[in-house]
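**Student:** Below is one structure. I have some questions about it.
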Amino acid sequence: MAEKIKLFVNGQEVEVESGKNLIDALGAVGIEIPHLCYHPALGADGNCRLCLVGIEDGRPPVVPACKTRAAEGMKVLLDVDNIKRIQRNVMELELINHPIDCPICDQAGECKLQDFYMKYDGQKSRMSVKPVLKAKKMDFGCGVVHDQERCVLCARCVRFTRLITKTGELGIVNRTDAARVNTFPGRPLNNRYALNVVDLCPVGAMTSSDFRFKQRAWFLTKSPGICHGCSKGCNIYIDHNREKYRDDVIYRFRPRLNAQVNGYFMCDAGRMTYKLENDNRLAAARVGEKSVELAEAVEAVRRAVSQAKKIVMVVSPNCSLEQMHAVQALAGQCNAAVSGYSDGYVQQGDGDDFLIQDDKAANRASFAILGIDSGKAGFDQAIAGADLLISFQNDLTRSLENDTLFEKTQFVLIGSYENDCAARAAISLPVASYSEDTGMVVNCDGILQEYRAAVGKISPAPSLIEVVHQLGGPFSTRDEVLADLTANVAALGGVDLKHIPAAGTALTANEVSNVAA
Amino acid sequence: MSDRSQLIETGKPFAFDAQRDAEFERLATRYPTRESLILPSLWLVQEQEGWISAEAMAYIADRIGTYASMVYEAATFYTMYNLQPKGKVHICVCRTLSCYLLGKQEIVDYLQRELGIKPGEVSADSQYSLEEVECLGHCGTAPVVQINGEFYENMNVEKLKDLLATLK
Amino acid sequence: MQVQVLSARFDIPDAHRIEVAKEHGAYATLEKVFSMQPEEVIETVKASGLRGRGGAGFPTGLKWSFLPKGLDKPVYLAVNSDESEPATFKDRYILVRDPHLLIEGIIICCYAIKSHAAYIYIRGEYTTQVKALQAAIDEAYAAGYLGESVGGRDFKLDVTVHRGAGAYVCGEETALLESIEGRKGQPRSKPPFPAVEGLYGCPTIINNVQSIASLPFILTNGPDAYKAYGTEKSPGTHLFGISGLVKKPGMYELPLGLPILEVIDKVAGGLRDGRTLKGIIPGGSSTPVLTPEEAQDVTLDYESMAAHKTMFGSGGIVVLDDTVDMVKLVENLISFYHHESCGQCTPCREGLGWMLKIVKKILRGEGTTADIDLLTELCDNIEGKTVCVLSAACTMSTRSYLNKFRHEFEAYVHSGAPVQAAM
């Protein structure tokens, strides 16, 4: 718990956390100081001059807030004539050479220049001379498009590649108003986090070629979510929109701040997994080659279950904690074996020392919490002589050495995606994916996080928990699963599963290790 | 400043010659960080080749162990680094304050007419290049012209005519 | 009026060679200096009242005393030989005519501030000067005045020359440090100040060449001998550069405090025949211009300049006569500052470019009164809002021309032509 100090803003006493610069300290209590170049992950650069504030009796009397530590008794002047004039004048100077690209610029609607102009400027242009022209629509690599004219030279992107990824592809060349961002010839952006510069850029100088011209920011609903690209569980915004005559579709993922998990960033591969939510989805239930109504497929599976002699239920490490537990309960009722076998989801050596993990599934940690065996030996034993195999979201083709399993065993897939696995299934049932459902995942660091349903399809697929219930499982709602988890799973004993904090909750080492593997 | 960021590629890899190589190693002992070698290295390239290509910058970056973008930034920021070949006779006319007051424009106009090039350009036969530069610190003997590193003070068109004849 | 304190050895043939320099007293103070405590040396310099000769005029001894005590980091000296302020042409004489004076001063300074590594930042254009300087440094190493044990003492000192490459902004002390460290010359925010966190994050003193070169005299003859020259608050001598429209432009060493008009007349030969005085730039292009009326009671010292709302600066005096078109002169100056802006912070980077375009517009005959007002307003909007004072150098000087010669700008606006026959 950080220490609090008292200072004054425009004469009013305000209590803030000590040890922070004025932008962060006052921002945390809802007082905005406009700024472009400062970013908490990148530090203060002091080049935009938009954050200049007055300090009464201060020497000097006007200081950049990003470089000024909040101090006890400090008298900050924001809403005074000279500071307001400075903000207007700095904005004017930012805008004189800025191309008014708004109608064709992706950043419109989430652009700091637009926002600050409206709030702190509002003057008409006084430019009666030609502006500085630079290069536009430059391909920097990794799907990043750069526009030198729009750039305000805040250097956030340069600092990102030097301080965070330490790959140093970007630099600001030339001096005076000829200064511009560029990559060295033949050395474009080439790192696994490059697209973060699109988020960092306060204007439309850095845009994503994937997102370019696809959707206006103000039409997007920005729902919080958790990336399922790997076991890091980076917090994201699922930016989606349901246009007239079209379905609700995700246009992009963006990282969401979580100091415990991913900080301000996410990797490019994870960012692009939004496409998996939009395209190639398991749309309709199938029996054999034929599309059927969901009820018919459910009935077919119920029949298969009642007739089978040895059933194996495989869960995906991407299932939520509740989904895994529901399947566990169903398996208990059907005397089925449960396995989380998914070695194929792990790419040994692919992870790095930043965010990317070898394990490309979001919730493997829950196997240990729930006591679900995921070893190959266990799976091989379970599958030997089995006549019915039901996979819940688990793409077994990633882990199996050959296809013989599908020839010998009747295979049912209950999942969200049209993949090789779905193609092999005798019966397949579509269920809501993680972007359409609510659930909890535990990441590689033991942090339990909740994600909430974001996308609302016109014809929504049922939740996996609902389908499990239709197959005979005991829990009809997610709440019932949560209640059972609280009652029966030791590792979750101390956690209020109905009120998971937004930033997640760290399961203590004790709790996790209490559960048998 | 015009845009200096469009680098020229020779198409051939670059390396220091023996003399520059030794000097680089000597300089490396004078600074506690490798990055400090960026400006001196750019000078070494310019001494060796007369100008600095993209390949030379990449070479410097890799030799020092720093980002190519750092070298790129320095090479474009500091205007004395030639990022294109200059003429055999590289003429820099001071354009600021006292030299301006005492007739630099006459000198520039004369050179433009005589050599057929504008400031920033190199003559077609690569003999001459012309540049207007900022205050050279010889205000008391203005106008001043620097040619291939040598200072020529109290210049006028007549003297320049004679001088160019000797430098042919 | 002229004196030979700093320039004592300038006219001695071959004084740049160590044997000749030594014959005439070079390195003679070291014996005395090494017998003093470093703190005593600092006090001596403080007592002399020596003020930084780069342009800011900050008391040198006081600057040295800002170094933190007991820090476990090396202390660096950076000697500022960037000399790029238009109208300034003094330091290079020291480098060429008496480089050992500078080296001796460096040894004195480094002993006082307990530094064992000095970097001399010399502007890239000074080609002949850097050769002379390096030759002298090599001589000093050979003679044992630099290296492992200076003058046979238990004091190690290395001096390295670092060449700039064409950026006026690198005369700004933190930009100079950035340039030594291999980066663009983009000034740093202060605090932290270089004395605490400077070169390579270590305590650093940055001093102008002339400031350092003043040290041997002060340590040899004592602070009072230095204070015998100049005024009470501006003691000592200065290498003044007088240029522009005078009969005898050149570098002249003078005590501080002399009347500016007298110096221009008596030392620099006065105006060219038939011309009248229009204005005087007193201390480098960044200093506000003085009208002839104002110049009547201006003396060449920091206090008089400040009282007349200008600055002593680098002591680079430029004389303007009635042939000068002030609007074109302003274009020349703004063009300089715009070209030299490092581009780091918004007001300077965008603002100076805008100011230049407005002046050009006025010169083309397309300007309006609103443009003149805008130019004046931009000076206020930009000044004081930037990381360093390069922008202020442009705006303070430009504002003085707008205020004192506004009629010339208005002539362009109203008639599209200058007040009189131009350059």
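Residue numbers (my numbering), protein chains in the order written: chain R, 1 to 517; chain V, 1001 to 1168; chain C, 2001 to 2423.
Every residue gets a Cβ at the ideal spot worked out from N, C-alpha and C, and that includes glycine.
In this text the structure is predicted, and so the values were computed from the model without any measurement.
For V:Thr1166, which residues from the same chain have a beta carbon less than 6 Å from its beta carbon, with the 5 sequence-adjacent residues on both sides left out?
**Tutor:** Here residue 1166 of chain V refers to the residue found at position 166 when the second sequence is read from its first residue. Within the same chain, V:Thr1166 has no close Cβ partners at all.
**Student:** Give the secondary structure of C:Cys2342 by DSSP, where H, G and I count as helix, E and B as strand, and everything else as coil.
**Tutor:** If you number the third sequence from 1, residue 2342 of chain C lands on position 342. Of the three classes helix, strand and coil, the one that applies to C:Cys2342 here is coil, per DSSP.
**Student:** Going along the chain, which residues of its own chain have a beta-carbon closer than 7 Å to the beta-carbon of R:Ala28, five neighbours each way excluded?
**Tutor:** Residue numbering aside, residue 28 of chain R sits at position 28 when the first sequence is read from its first letter. Contacts found: Val16, Glu17.
**Student:** Going by DSSP, name the residue or residues bridged to R:Ala410.
**Tutor:** The residue given as residue 410 of chain R occupies position 410 in the first sequence. Contrary to the premise, residue 410 of chain R reads as Gln rather than Ala in this sequence. R:Gln410 is bridged to R:Leu388.
**Student:** Going by CA-CA distance only, name the one from R:Gln333, R:Ile369, R:Lys84, R:Val14 that's closest to R:Val468.
**Tutor:** Stepping through the first sequence from its first residue, residue 468 of chain R is reached at position 468. Out of R:Gln333, R:Ile369, R:Lys84, R:Val14, R:Gln333 has the C-alpha closest to the C-alpha of R:Val468.
**Student:** Please list, in chain order, the residues of the segment 2326-2348 of chain C that have any C-beta partner in chain R closer than 7 Å.
**Tutor:** Answer in chain order: His2338, His2339, Ser2341, Cys2342, Gly2343, Gln2344, Cys2345, Thr2346, Pro2347.
**Student:** Of the residues that make up the segment 2239-2258 of chain C, which ones have a beta carbon closer than 8 Å to any beta carbon in chain V?
**Tutor:** Within the segment 2239-2258 of chain C, the residues whose Cβ lies closer than 8 Å to some Cβ of chain V are Gly2241, Ile2242, Ser2243, Gly2244, Leu2245, Pro2249, Gly2250, Met2251, listed in chain order.
**Student:** Using three-state DSSP, classify C:Tyr2424 as helix, strand or coil.
**Tutor:** The structure shown does not extend to residue 2424 of chain C, since chain C is modelled only from 2001 through 2423, so no value can be given for it.
**Student:** Assuming R:Lys4 is part of the beta strand (DSSP E), what are its boundary residues?
**Tutor:** Taking the first residue of the first sequence as position 1, residue 4 of chain R is located at position 4. Here the beta strand (DSSP E) through R:Lys4 covers 4-9.
**Student:** Is the distance from the Cβ of C:Pro2203 to the Cβ of C:Ala2213 below 7 Å?
**Tutor:** In the third sequence, counting from the first residue as 1, residue 2203 of chain C sits at position 203. In the third sequence, counting from the first residue as 1, residue 2213 of chain C sits at position 213. It is not a contact, given that the beta carbons lie outside the stated cut-off.
**Student:** Looking at C-alpha atoms only, which residue of R:Val431, R:Asp350, R:Ala336, R:Gly351 is the closest neighbour of R:Asp543?
**Tutor:** Chain R is shown only over 1 to 517; residue 543 of chain R falls outside these bounds and no answer can be derived.
**Student:** For the segment 1035-1059 of chain V, list every residue whose C-beta sits within 8 Å of some C-beta in chain C, in sequence order.
**Tutor:** If the cut-off is 8 Å between Cβ atoms, the segment 1035-1059 of chain V has Glu1035, Ser1036, Leu1037, Ile1038, Leu1039, Pro1040, Leu1042, Trp1043 near chain C.
**Student:** Using a Cβ-Cβ cut-off of 8 Å (strictly less than) and excluding sequence neighbours within five positions of R:Val515, which residues of its own chain qualify?
**Tutor:** Looking up residue 515 of chain R in the first sequence gives position 515. For R:Val515, the pLDDT reaches just 39, beneath the cut-off of 50, and the residue's location in the model is therefore unreliable, although a value from the coordinates is still provided. Cβ within range, chain order: Ala368, Ile369, Leu370, Gly371, Val489, Ala490, Ala491.
**Student:** For the segment 2141-2173 of chain C, which residues have a CB atom closer than 9 Å to at least one CB atom of chain R, in sequence order?
**Tutor:** Cβ contacts with chain R come from Ala2167, Val2169.
**Student:** For a contact meaning CB atoms closer than 8 Å, what does R:Ala178 contact in chain V?
**Tutor:** Numbered from 1 along the first sequence, position 178 holds the residue referred to as residue 178 of chain R. Simply Met1001, Ser1002, Asp1003, Arg1004.
**Student:** For C:Leu2363, go through chain R and note every residue whose CB falls closer than 7 Å to its CB, in chain order.
**Tutor:** The residue given as residue 2363 of chain C occupies position 363 in the third sequence. Chain R residues near C:Leu2363: none, gap ~12 Å exceeds 7 Å.
**Student:** R:Gly30 to R:Leu22, Cα distance in whole Å?
**Tutor:** As a working mapping, residue 30 of chain R is identified with position 30 in the first sequence. As a working mapping, residue 22 of chain R is identified with position 22 in the first sequence. Distance between the alpha carbons of R:Gly30 and R:Leu22: 12 Å.
**Student:** Looking only at its own chain, which residues have a Cβ that is under 7 Å from the Cβ of C:Pro2255, when we skip the five neighbours before and after it?
**Tutor:** Here residue 2255 of chain C corresponds to residue number 255 of the third sequence, with the count starting at 1. So the list reads Val2003, Tyr2229, Gly2230, Thr2237, once near-sequence residues are dropped.
**Student:** Looking at the C-beta of V:Thr1033, does it have a partner C-beta in chain R at a distance below 7 Å?
**Tutor:** The residue you call residue 1033 of chain V lines up with position 33 of the second sequence. So no, V:Thr1033 is outside the interface.
**Student:** Give me the residue from V:Gly1065, V:Leu1160, V:His1138, V:Lys1168 with the minimum Cα distance to C:Pro2249.
**Tutor:** Numbered from 1 along the third sequence, position 249 holds the residue referred to as residue 2249 of chain C. Out of V:Gly1065, V:Leu1160, V:His1138, V:Lys1168, V:His1138 has the C-alpha closest to the C-alpha of C:Pro2249.
**Student:** Going by DSSP, what residue range makes up the beta strand (DSSP E) through R:His146?
**Tutor:** Residue numbering aside, residue 146 of chain R sits at position 146 when the first sequence is read from its first letter. 144-146 is the span of the beta strand (DSSP E), which, as asked, contains R:His146.
**Student:** Give the residues of chain C in contact with V:Gly1149, contact being defined as C-beta atoms less than 7 Å apart.
**Tutor:** The residue given as residue 1149 of chain V occupies position 149 in the second sequence. The contacting residues are Thr2127.
**Student:** Can you pull the chain C residues whose beta carbon is under 7 Å from the beta carbon of V:Glu1121, in chain order?
**Tutor:** Indexing the second sequence from 1 puts residue 1121 of chain V at position 121. Correct list: empty, because the minimum Cβ distance to chain C is about 18 Å.
**Student:** Quick check on DSSP: helix, strand or coil for C:Leu2071?
**Tutor:** Working through the third sequence from its first residue, we reach residue 2071 of chain C at position 71. Coil.
**Student:** Tell me which residues of the segment 1005-1033 of chain V have at least one Cβ-Cβ distance to chain C shorter than 8 Å, keeping chain order.
**Tutor:** Residues passing the 8 Å Cβ filter: Arg1030, Tyr1031, Pro1032, Thr1033.
**Student:** Just confirm the distance between the C-beta atoms of R:Ser339 and R:Gly385, as a whole number of angstroms; I'd bet it's less than 8 Å.
**Tutor:** Working through the first sequence from its first residue, we reach residue 339 of chain R at position 339. Working through the first sequence from its first residue, we reach residue 385 of chain R at position 385. The pair is not a contact, with the Cβ atoms about 15 Å apart (cut-off 8 Å).
**Student:** Name the one or two DSSP bridge partners that V:Val1145 has.
**Tutor:** If you number the second sequence from 1, residue 1145 of chain V lands on position 145. V:Val1145 is bridged to V:Val1093, V:Tyr1152.
**Student:** Please list, in chain order, the residues of the segment 1126-1138 of chain V that have any C-beta partner in chain C closer than 8 Å.
**Tutor:** Answer set for the segment 1126-1138 of chain V: Val1133, Glu1134, Cys1135, Leu1136, Gly1137, His1138.
**Student:** Can you tell me where the beta strand (DSSP E) with R:Asp239 in it begins and where it stops?
**Tutor:** Within the first sequence, the letter at position 239 stands for residue 239 of chain R. Note, R:Asp239: beta strand (DSSP E), 235-242.
**Student:** Using a Cβ distance threshold of 8 Å, determine whether the segment 156-170 of chain R contacts the segment 1067-1077 of chain V, with at least three qualifying pairs required.
**Tutor:** Flag = yes, the segment 156-170 of chain R and the segment 1067-1077 of chain V touch.
**Student:** Give me the subset of the segment 1089-1114 of chain V whose CB atoms are less than 7 Å from a CB atom of chain C, sorted by chain position.
**Tutor:** Listed by position along the chain: Thr1096, Leu1097, Ser1098, Tyr1100, Leu1101.
**Student:** According to DSSP, is R:Glu15 part of a helix, a strand, or is it coil?
**Tutor:** Counted from its first residue, the first sequence places residue 15 of chain R at position 15. In this structure, R:Glu15 counts as strand in the three-state DSSP scheme.
**Student:** Closest to R:Glu92 by CA distance: which of C:Arg2399, C:Val2413, C:Asn2381 is it?
**Tutor:** Working through the first sequence from its first residue, we reach residue 92 of chain R at position 92. Among C:Arg2399, C:Val2413, C:Asn2381, the Cα nearest to that of R:Glu92 belongs to C:Asn2381.
**Student:** Once DSSP output is grouped into helix, strand and coil, what is the label at R:Leu77?
**Tutor:** Position 77 of the first sequence, counted from the first residue, corresponds to residue 77 of chain R. Note: R:Leu77 maps to strand in three-state DSSP.
**Student:** So what does DSSP say about R:Asp395, is it helix, strand or coil?
**Tutor:** Working through the first sequence from its first residue, we reach residue 395 of chain R at position 395. Looking at R:Asp395 - three-state DSSP - the assignment turns out to be coil, as it is neither helix nor strand.
**Student:** Let me know the secondary structure DSSP gives R:Thr273 once reduced to three states.
**Tutor:** By 1-based counting over the first sequence, the position of residue 273 of chain R is 273. Three-state DSSP puts R:Thr273 in coil, outside helix and strand.
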